[in-house]
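**Student:**
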Amino acid sequence: MTLQVRAAAKINLFLDILGRLDDGYHSLQMLMQSVSLYDTVSLHTTCSGDISLTCSHASLPTNNTNLAHRAAALFFSYANLQNPGLAIHVEKRIPLAAGLAGGSADAAAVLAGLNRLYDAPLTGAQLDEVALCIGSDVPFCLHGGTQLAQNRGEVLSPLPALQNCFVLLAKPEQSVSTQEAFAAFDRKDYIYRPHGVRLLDAAARGDFAKICSFAANVLEQVVEVPQRVEIKAIMREHGASLAQMSGSGPTIFGLFLTQEEALRCQTALQALPVETYLCTPVASAIRFD
Ligand code: C5P
């Protein structure tokens, strides 16, 4: 049996850190949005008795430190299934360590795909539980769309879909460790607090202009991205309604109301050492091909 699953990247329209949880993680308030930049995860059942992983991106580990590999192992153990053999191939398009949840998306695709291949041994709630064991963004990556994500990131509340727009992603060369970003936040004495309540009010009504006014990411105050100011300035000059860092960075995204503006901005960004991707918001993160 073979199944192909598309796994969508996410951006954070809002990210605030509200405190520390007992387990050392941080309590978050995030507005997450899936976008149409996908990895493709292929699942192929074999008779090898183990899990093998190949990836189009040479620098990604293919052993059990890869989140997709961990997801498969955890799925079989939670579902109490003997693994007859599984070959996973990940075709990467989402850049690595970029604040776009690429690894989490692949793990979510493995969980959703295996649950389909094996006729749903796990309930939705069980899949969410396994997802959280793999990483804080994995539960969102199972569901996707436009969601308020709280606590570690696993308490999800669906919100009205973001208005149709164009999302331009600009990924500088550096990679950021999420763990280091949170540690840098903890060391900071003063953080400017964004308007979470107003943002949520705007998101609940799907008010695009107000979402853009109250959007914020507190990790921008602690993660150094040398080209951040320049990328944002270019995005704004080209008509972006919002230009902001996603997650722990370094990717900066711009929201544009017209494709022409987004394309012109993409051309202008070629002057900088950044990779760019033009995509749109999507209503779900996982798609079976
Ligand atoms: O859950 P995940 O492994 O993706 O998180 C990566 C790192 O980000 C954690 O080790 C932790 O340092 C930090 N983190 C956090 N609080 C969260 C989510 C992530 O402190 N809610």
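The letter at position 288 of the sequence shown is residue 287 when you use numbering that gives the first Met the number 0, and the numbering goes up by one with no holes. Ideal Cβ placement from N, Cα and C applies to all residues, glycine included. As the structure is a prediction and not an experimental result, all values here were calculated from the model.
1. List the residues that DSSP assigns as beta-bridge partners of I251.
2. Once you ignore the five residues that flank T177 on each side, which residues in its own chain have a CB closer than 6 Å to its CB?
3. Based on Cα-Cα distance, which residue from C264, P280, V137 and A282 lies nearest to E274?
4. Is E219 close to chain D? Criterion is C-beta to C-beta, closer than 9 Å.
5. Which residue's Cα is closest to the Cα of P157: A148, L271 and H25?
6. Indicate the three-state DSSP secondary structure (helix, strand or coil) for L277 in the structure shown.
7. CB-CB under 6 Å to E153, same chain, minus the five flanking residues each way: which ones, in chain order?
8. Mapping DSSP to helix, strand and coil, what is V154?
9. At a cut-off of 8 Å, is T250 close to the ligand GTP when judged by its beta-carbon and the heavy atoms of the ligand?
10. So, do the stretch 3 to 12 and the stretch 108 to 117 have three or more beta carbon pairs nearer to each other than 8 Å?
11. To which residues of the same chain is I230 closer than 6 Å at the C-beta, ignoring the five residues directly before and after it?
12. Following the continuous alpha helix (DSSP H) through E90, name the residue where it begins and the one where it ends.
13. Which of the three DSSP states is assigned to A7 in this structure?
14. For I233, which of helix, strand or coil comes out of DSSP?
15. Using the Cα positions of I285 and L167, report the straight-line distance between them to the nearest angstrom.
16. Less than 9 Å between the C-beta atoms of A57 and N63, yes or no?
17. State the beta-bridge partners of F287 as determined by DSSP.
18. Hey, would you say V175 sits closer than 9 Å to P249, going by beta carbons?
19. Taking the DSSP output, what are the residues bridged to A148?
20. Please find out if some non-hydrogen atom of the ligand C5P comes closer than 8 Å to the beta-carbon of A182.
21. If you measure from the CB of D136, is any heavy atom of the ligand C5P nearer than 8 Å?
22. To the nearest angstrom, how far is it from the Cα of N79 to the Cα of D118?
23. Could you spell out where the beta strand (DSSP E) holding A50 opens and where it closes?
**Tutor:** Let me spell this out:
1. Paired residues: A169 and M244.
2. Answer for T177: S247, listed in chain order.
3. The residue with the shortest Cα to Cα distance from E274 is C264.
4. The structure shown contains no chain D; it holds only a single protein chain.
5. Between P157 and the set A148, L271 and H25, the nearest pair of CA atoms involves A148.
6. Looking at L277 - three-state DSSP - the assignment turns out to be strand.
7. For E153, where only same-chain residues beyond five positions count, the Cβ hits under 6 Å are L131 and P138.
8. Note: V154 maps to strand in three-state DSSP.
9. The model depicted lacks the ligand GTP and carries the ligand C5P instead.
10. Judged by Cβ distances under 8 Å, the stretch 3 to 12 makes contact with the stretch 108 to 117, as three or more pairs qualify.
11. Cβ neighbours of I230 beyond the five flanking positions: A169 and I251.
12. Segment L85 to E90 is the beta strand (DSSP E) holding E90; no alpha helix (DSSP H) there.
13. In this structure, A7 counts as strand in the three-state DSSP scheme.
14. The answer is helix: DSSP assigns I233 an H, G or I state.
15. One C-alpha to the other measures close to 21 Å.
16. No.
17. DSSP, once it has assigned bridges, lists V4 as partnering F287.
18. Yes. Within cutoff.
19. DSSP, once it has assigned bridges, lists M29 and L155 as partnering A148.
20. A182: yes, Cβ under 8 Å from the ligand C5P.
21. Under cutoff, so the answer is yes.
22. Approximately 13 Å, taken between the alpha carbons.
23. The question names Ala, but residue 50 is Ile in the sequence shown. Its beta strand (DSSP E) spans residues I50 to C54.
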